[in-house]
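Asks:
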Amino acid sequence: MTYLTLAAGTAPTAEIEVKRSRFLAVVRRVDDEAAARAVIEEQRRTHRDARHHCTAFILGPAPAIMRSNDDGEPSGTAGAPMLEILRGKELSDVVAVVTRWFGGTLLGTGGLTRAYGDAVRAALVGARLVRRTERARLDLDLPHADAGRVEAELRDAGVAVLGADYGASVRLRLAADDPDALTARIAELTAGASAPIPAGSVWVDLPVTVIE
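Per the numbering used here, the sequence shown starts with residue 1, numbered consecutively.
(1) Could you compute how far the alpha carbon of Leu180 sits from the alpha carbon of Arg132?
(2) Could you compute how far the alpha carbon of Glu73 sits from the alpha carbon of His52?
(3) Inspect the beta-carbon positions of Asn69 and Ala56 and report whether they are closer than 9 Å.
(4) Under the DSSP definition of a beta bridge, which residues are partnered with Leu6?
(5) Return the first residue and the last residue of the alpha helix (DSSP H) that Glu42 is part of.
(6) For Ile232 and Ser92, which I take to be in contact (beta-carbon distance under 8 Å), what is that distance rounded to the nearest angstrom?
(7) Looking only at its chain, what residues have a beta carbon closer than 7 Å to the beta carbon of Val39, apart from the 5 residues adjacent to it on each side?
(8) For Met66, which three-state DSSP category applies?
(9) Does the distance from the CB of Arg185 to the CB of Asp139 come in under 9 Å?
(10) Pair every Cβ in the region 117–133 with every Cβ in the region 4–24, then say whether three or more of these pairs are closer than 8 Å.
(11) Which residue wins for smallest C-alpha separation from Leu154, given the options Leu189, Gln43 and Arg48?
(12) Going by CA-CA distance only, name the one from Arg137, Gly167 and Glu84 that's closest to Ala147.
(13) Can you tell me where the beta strand (DSSP E) with Leu162 in it begins and where it stops?
(14) Buried or exposed: which applies to Gly79, given that a residue is buried once 16 or more other Cβ atoms fall within 10 Å of its Cβ?
(15) Going by Cα to Cα distance, which pick from Leu112, Leu4, Ala160 and Leu182 is closest to Val202?
(16) Helix or strand or just coil, what does DSSP make of Glu17?
(17) Quick one: using the 10 Å Cβ neighbour count with 16 as the cut-off for buried, is Ala62 buried or exposed?
(18) Use the C-beta contact count for Val125: other C-beta atoms within 10 angstroms, 16 or more gives buried, fewer gives exposed.
(19) Taking the beta strand (DSSP E) that Asp205 falls in, what are its first and last residues?
(20) Three-state secondary structure (DSSP) at Leu86?
(21) Which value, in whole angstroms, describes the spacing of the CA atoms of Arg87 and Phe102?
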């Protein structure tokens, strides 16, 4: 099970102008609905002088949670087109907020729909993405003398090393798409002295290309 989302730490933003109305779009990665609503409230507080703060967010793997809000714009002219841009880019775990400052000219339903969608699209140009992927989680206990070498070999082989815990031994926390193959590789590296222990599953981020 996989889906696309923004790379951690990225904050895509863009502003467009249509007939003197300004549309400021921000898109952020979020973990849950509470985090999405916190981003929305932050934009409201930051731009109190704006007339509208329209929103859309998608959360989790399919079937994902999807919400949108027109915030006083005519029904279906703001949140829905924003949501369609996110869906079209196959994104999840993201929230988009478009803040509008009215420029004095009515844009009509078609103009509003294009403007809100275009603002989100502009924010996503060049955005760094990752593919969120569910993988098997394994723990590997190693003597301190072997841990550095084995970790380096695993990383060179493309194994996701999630972290290490140090005590009487070193426990590497690993993620694998093929646990059997990883187990076999570890047996080779340790001459059969160590074997990973299944520890459920974990979501990991795999790099992909940017949005054009």
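Cβ coordinates follow ideal geometry from the N, Cα and C atoms, glycine included. In this text the structure is predicted, and so the values were computed from the model without any measurement.
Replies: Well, looking at it:
(1) Here residue 180 turns out to be Asp, not Leu, going by the sequence shown. Each residue's Cα considered, the two are about 22 Å apart.
(2) Looking at the backbone, the Cα of Glu73 and that of His52 are separated by about 7 Å.
(3) Contact: yes.
(4) Its beta-bridge partners are Leu129.
(5) That run of the alpha helix (DSSP H) goes Glu33 to Thr46.
(6) Only positions 1 to 212 of the chain appear in this structure, which leaves residue 232 out of reach.
(7) Arg28, Val30, Val95 and Val97.
(8) Of the three classes helix, strand and coil, the one that applies to Met66 here is strand, per DSSP.
(9) No, they are not a contact pair.
(10) They touch, by the three-pair rule.
(11) For Leu154, the closest C-alpha among the options Leu189, Gln43 and Arg48 is that of Leu189.
(12) Of the candidates Arg137, Gly167 and Glu84, the residue whose Cα lies closest to the Cα of Ala147 is Gly167.
(13) Element bounds for Leu162: Ala160 to Tyr166.
(14) Burial call: buried.
(15) The shortest CA-to-CA distance from Val202 to any of Leu112, Leu4, Ala160 and Leu182 is the one to Ala160.
(16) Three-state result, Glu17: strand.
(17) Its Cβ having fewer than 16 others within 10 Å, Ala62 is exposed.
(18) Exposed.
(19) It spans Ile197 to Pro207 - the beta strand (DSSP E) in which Asp205 sits, taken as one unbroken run.
(20) When secondary structure is reduced to three states using DSSP, Leu86 falls in the helix class.
(21) Their backbone Cα atoms lie some 27 Å apart in a straight line.
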